[in-house]
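These notes are about the structure you will find just below.
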Amino acid sequence: MVSRENPRPGGRSARVQASVHQAVRDMLAVMDRAEVTIPLIAQRANVTPSTIYRRWGDLQDLLADVAASRLQPETEPAETGSVYEDLQAWVEQYADEMSSGAGREMIRDILSVPDTANAEKCSGYTQQQLRVLIARAQERGEPFPTLTELMDYVISPIMYRILFEQPPNAECVRGLTSRVIPEGAVKS
8 MVSRENPRPG
18 GRSARVQASV
28 HQAVRDMLAV
38 MDRAEVTIPL
48 IAQRANVTPS
58 TIYRRWGDLQ
68 DLLADVAASR
78 LQPETEPAET
88 GSVYEDLQAW
98 VEQYADEMSS
108 GAGREMIRDI
118 LSVPDTANAE
128 KCSGYTQQQL
138 RVLIARAQER
148 GEPFPTLTEL
158 MDYVISPIMY
168 RILFEQPPNA
178 ECVRGLTSRV
188 IPEGAVKS
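Just so we're aligned: the sequence shown equals residues 8 to 195 in the numbering used here.
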């Protein structure tokens, strides 16, 4: 991806990015993806096409950047009182969102560009959410899976199924989660 990190928070660059991202989201909500073009995005965002080409390079890089920003969580995982229930609820929501039509489209956009920066951002967002759950367990002194175990045995199989098979159903997701929860940790 051609996009460069903004050296200054805010300013014109941030306004341009926000305007272009919003234009893309608005257009994808009402138009077929094949109809979306950089000149149309530029017109809607009130910038020149050259501004978009200079920052993102091409349409696919822009779509990948927008998708990655849309996948950034807005809140921490819900707190139910049980870290294991928190994990189960978060994983089920994650699987539902990623396997939805919009989720799959965003995954395709992110993976369609050779640069892995947006894919790495998305992985970082997932890991950030899991670290919140791990910290909750540590605060309570409860045994809990490691980040590596959660990524390898829960998140990775979910993503594999979304990408290459049928999306996992709720039973499958519960099974993946139960494999990493320490035996006897969940009270019946």
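No residue lacks a Cβ here, since even glycine has one placed at the ideal position from N, Cα and C.
These figures come from a predicted structure and were not determined experimentally.
Item, Value
"Taking the straight line between their C-alpha atoms, what separation do you get for Ile141 and Ser57?", "45 Å"
"Grab the span of the alpha helix (DSSP H) containing Ser20 for me, first residue to last.", "Gly18 to Val37"
"Please state whether the Cβ-Cβ distance between Ile169 and Tyr91 is less than 9 Å.", "no"
"On the CB-based measure, 16 or more other CB atoms within 10 Å of its CB, does Gln173 come out buried or exposed?", "exposed"
"Just checking Thr155 against the ligand SAH - is the residue's beta carbon closer than 8 Å to any of the ligand's heavy atoms?", "In the structure on display, the ligand SAH does not appear, and there are no ligands present to speak of."
"Assuming Asp93 and Pro84 make a contact with CB atoms under 8 Å, what is their CB distance in whole Å?", "5 Å"
"Out of Glu99, Ala30 and Val54, which one is the CA nearest neighbour of Val43?", "Ala30"
"Look at the alpha carbon of Pro46 and the alpha carbon of Asn125, and state the distance between them as a whole number of angstroms.", "23 Å"
"In three-state terms, what does DSSP make of Ser185?", "helix"
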